[in-house]
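I have placed the structure first, in the form of structure tokens, so that the comments after it can refer back to it.
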Amino acid sequence: MKHKSPAPSPVVPQGPSAASLVRLLFRKEYRIFFVAIVLMVSCYWGFQESWRRWGEPSLASEPYQVTPQQIIVTSQPPWIEGDVKAEAIRDGSLTKLDLRDRTLLERIRRAFAVHNWVAQVKQVRKSYPARVDVELVYRRPMASVEVTYRGRPELLLIDEQGILLPSPSEAFAARNLPDMLRIDAGDTAPAGPYGTDWGSPRVTAAAKIATAWTDQWKAIGLYRIVVTEDTNGRIGYELQTRNGGRCLWGNPPGQETANEPKPAEKVARAISAHQQGQLKDDADSPPIDLSGGTVPMPTRTATRNRRGLR
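Just so we're aligned, residue 1 is where the sequence shown starts under the UniProt record's numbering, counting upward by one.
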């Protein structure tokens, strides 16, 4: 009986050995390619190591870090109760800044510009080592508007442009706020939050009148600016003493008629009338016309209930 011999195993081709691969890579036609790969890997590793040792720490180095202490802001005036710088840094997320950041100055400018006590950001400058100077123009309370809130009389501050300002605490106001003319514009209320326009042309006009007086109104006993209205619905403005003595101002600054005196002349006329004994702290005394007769005598006023405001 014959036995069949087993079938031969298939021959598996063997891959090149490591030695043959090395010989292949060092052949002339592959040598440049191999060297290029080695150089690229070496450069990448070297860059990573250099960044870890020197690049990354340099970003956090003190000469480039801008801390809140290194943001120098125009000193705020005594009539502002809060801390403008601290509030702007908090609301603008300005706690971690890099002097090399191209958006740095704009970020800082924007954070201060939206603060309700800031009228203008005049300039923002940076310098090395880390320092940022912020030059501000602050808003100044010029008058207080008489309003009624939940049945109670209140006074709200505005600046010379009629911008609503934050109300300070009573204790702070008593110590730091200067005396201001009051404004009676009838039933009115601010249209928006602090730092925005009151929203009434009457209040804005009265604020400009208060600005024209600076603090000269105190010496002649004036107390409030009252919006008036004649029988034809024409709006005018008058200044009153605490007990009702009256000076007819006429049109607000910038809206005078052709022959109407300018604000400085109106103020001078009122001071002269007081010195001559014509302006009296009495509601029954005749009013002093500062408009030069260019404005009709008002027959009624747009006043409001002042109970509790005196």
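Note that beta-carbon positions come from the ideal geometry of N, C-alpha and C, so glycine has one too.
Hey, could you find the ends of the alpha helix (DSSP H) residue i is sitting in?
i	result
R110	104-113
T228	Looking at the DSSP string, T228 is not in any alpha helix (DSSP H); the run it does join, the beta strand (DSSP E), is 222-229.
residue 311	Nothing about residue 311 can be read from this structure; the chain reaches only from 1 to 310.
S272	263-275
Quick check: the Cα distance between residue i and residue j, rounded to an integer number of angstroms?
i	j	result
R310	R242	Its pLDDT being 49, under 50, R310 is placed unreliably in this model, and the value from its coordinates should be taken loosely. Each residue's Cα considered, the two are about 8 Å apart.
G277	Y223	17 Å
E170	L155	11 Å
L290	L165	30 Å
A205	V145	12 Å
residue 328	E238	Outside the displayed span of the chain (1 to 310) sits residue 328, for which this structure offers no information.
G293	E260	8 Å
V137	A113	10 Å
V203	P78	25 Å
R300	L279	Reliability of the predicted coordinates at R300 is poor, the pLDDT of 49 falling under 50, and the value obtained from them is presented with this limitation in mind. For R300 and L279, the distance between alpha carbons rounds to 20 Å.
G221	T228	20 Å
E160	S167	16 Å
G195	M40	59 Å
E81	D133	22 Å
Y64	I71	13 Å
I271	K218	10 Å
N232	R139	36 Å
G192	V147	15 Å
Q123	S75	14 Å
Using CA coordinates, which residue listed in the options is at the minimum distance from residue i?
i	options	result
Q240	D184, G292, A189	D184
G151	D187, K96, P141	D187
A111	N176, W198, R90	R90
V121	R131, Y128, L105	L105
D230	Q216, P68, G250, T211	G250
G92	P253, V267, I108	I108
R131	A143, Q69, P141, V267	Q69
Q216	L181, R246, G244	L181
C247	D101, Y128, G254, A273	A273
E87	G236, W213, W117	W117
R125	N176, H115, V73	V73
D101	V66, A268, D281, A258	V66
T198	E135, I163, G245	A small correction: the amino acid at residue 198 is Trp; Thr does not occupy that position in the sequence shown. Considering only alpha carbons, the answer is I163.
Going by other Cβ atoms of all chains shown within 10 Å of its Cβ, with 16 needed for buried, is residue i buried or exposed?
i	result
L157	buried
K262	exposed
K96	exposed
S200	buried
K85	buried
P178	exposed
I37	exposed
R210	It is Ala, not Arg, that sits at residue 210 in the sequence shown. Flag for A210 reads buried.
A207	buried
A189	exposed
A143	buried
P129	exposed
P286	exposed
Let's see if you can read the secondary structure: which residues bound the beta strand (DSSP E) around residue i?
i	result
W198	Taken as a continuous stretch (DSSP letters only), W198 belongs to no beta strand (DSSP E), as it is neither H nor E.
Q240	235-241
G250	246-250
D184	181-184
TODO: Output the residue ranges of the alpha helix (DSSP H) runs that lie fully inside the stretch 80-163 and measure 4 residues or longer, sorted by chain position.
DONE: 84-91, 104-113
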